[in-house]
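Residue numbers (the working numbering): 283 to 597. Built from N, CA and C at the ideal position, the CB exists for glycine as well. All values derive from a computational prediction rather than experimental measurement. Below is one structure, written out as structure tokens, with a few remarks after it.
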């Protein structure tokens, strides 16, 4: 019997057609399914490709006796119960590197939007106003940038900012030095938050990073500083973030990710006038989705047809 493959959260249409054309697979004909439809399909699924909308829980695994392989089309696997997968013999992979450039660019876009207040200015223009004096921003040029998590994405951010002649201070427990000449390691997280003009977060969500950005760190930031999070929700104390922003203790922030997604419609974060919000768009470029899809298709073929597991993520 052919492995039955389901793509639950969307895939580039051309790449999905490539997947369907693999004769050795039975592929569910739609590249995006509702949670109700997914529940209906679970008993026969062999391979499941997800993004951030689907959560693989112990309960889901119990209802999917044929499931052998889960691919997270992206990098973060915090929406997969990897311990339960391991207990059930279900293998887990991600698609490392495919989203890196898009995520880095989005972080920089959030920086610039907050610094120059362009989104708020646009809103007033659409409303008929001409508030030229209201939206005086500050420059990115020669600012001190704190990068928390200096892996692939954090380093791309640093490199993309070279033209702005910035100084970079990074904090990463797994890295001591960098070959980027204008980047040096901070002695601790406190130094990053206390001394940098912009702090951008690029860490995965895990036990060690959950709630890592505390009230104390947020309150230690410079009055004109900016905080950007395009990595994972749950890293920042959102209650403290609200207090710091509502009391104008820092200039502003740009957030693409949240502890609970989708962000609640009545979240008080939506009411802040110095917080730019985007709905987890870091990987949402055409190029990234093509790369992610191509990697996922290749991994499915390698796993089911060649007994070769690529990019395994363990509990």
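Other residues of its chain near residue i: CB distance less than 7 Å, five sequence neighbours each side excluded
| i | result |
| --- | --- |
| residue 434 | 379, 382 |
| residue 576 | 297 |
| residue 340 | 363, 366 |
| residue 512 | 385, 388, 389, 392, 538, 539, 564 |
| residue 465 | 440, 450, 452 |
| residue 573 | 380 |
| residue 292 | 313, 314, 333 |
Residues sharing a beta bridge with residue i, DSSP
| i | result |
| --- | --- |
| residue 351 | 329, 373 |
| residue 482 | 429, 510 |
| residue 518 | 495 |
| residue 452 | 429, 467 |
| residue 314 | 291 |
| residue 308 | 286 |
| residue 338 | 362 |
| residue 390 | Answer by DSSP bridge pairing: none, since residue 390 is not bridged. |
| residue 599 | Outside the shown range of the chain, which is 283 to 597, sits residue 599, and nothing can be said about it. |
Helix, strand or coil at residue i according to DSSP, with G and I counted as helix
| i | result |
| --- | --- |
| residue 291 | strand |
| residue 322 | helix |
| residue 572 | helix |
| residue 435 | helix |
| residue 297 | helix |
| residue 534 | strand |
| residue 286 | strand |
| residue 584 | helix |
| residue 420 | coil |
| residue 545 | coil |
| residue 476 | helix |
| residue 397 | helix |
| residue 594 | strand |
| residue 529 | coil |
| residue 412 | coil |
| residue 356 | coil |
Sequence-distant residues of the same chain with beta carbon closer than 8 Å to residue i, five excluded per side
| i | result |
| --- | --- |
| residue 527 | 534, 535, 554, 556, 557 |
| residue 508 | 393, 396, 397, 479, 480, 481, 532, 533, 534, 535, 536 |
| residue 594 | 373, 374, 375 |
| residue 424 | 446, 447, 448, 449 |
| residue 579 | 297, 300, 301, 304 |
| residue 320 | 288, 290, 336 |
| residue 345 | 321, 324, 325 |
| residue 584 | 590, 591, 592 |
| residue 349 | 324, 327, 328, 329, 330, 343, 370, 372 |
Buried/exposed call for residue i, threshold 16 Cβ in 10 Å
| i | result |
| --- | --- |
| residue 384 | buried |
| residue 552 | exposed |
| residue 290 | buried |
| residue 431 | buried |
| residue 410 | exposed |
| residue 591 | exposed |
| residue 456 | exposed |
| residue 313 | buried |
| residue 404 | exposed |
| residue 485 | buried |
| residue 371 | exposed |
| residue 581 | buried |
| residue 317 | exposed |
| residue 503 | buried |
| residue 458 | exposed |
| residue 294 | buried |
| residue 306 | exposed |
Same chain only: Cβ atoms within 6 Å of residue i, ignoring 5 sequence neighbours per side
| i | result |
| --- | --- |
| residue 586 | 285 |
| residue 560 | 538 |
| residue 597 | 364, 365, 368 |
| residue 359 | 376, 595 |
| residue 399 | 417, 419 |
| residue 522 | 497, 500 |
| residue 462 | 440 |
| residue 406 | 413 |
Are three or more beta carbon pairs between the region 464–476 and the region 495–511 nearer than 8 Å? yes
Could you tell me whether the region 348–359 touches the region 323–332, using the rule of 3 or more Cβ pairs below 8 Å? yes
Pairing CB atoms from the region 425–441 with CB atoms from the region 452–469, are three or more of them under 8 Å? yes
Are the region 509–519 and the region 486–493 touching, with three or more C-beta to C-beta distances below 8 Å? yes
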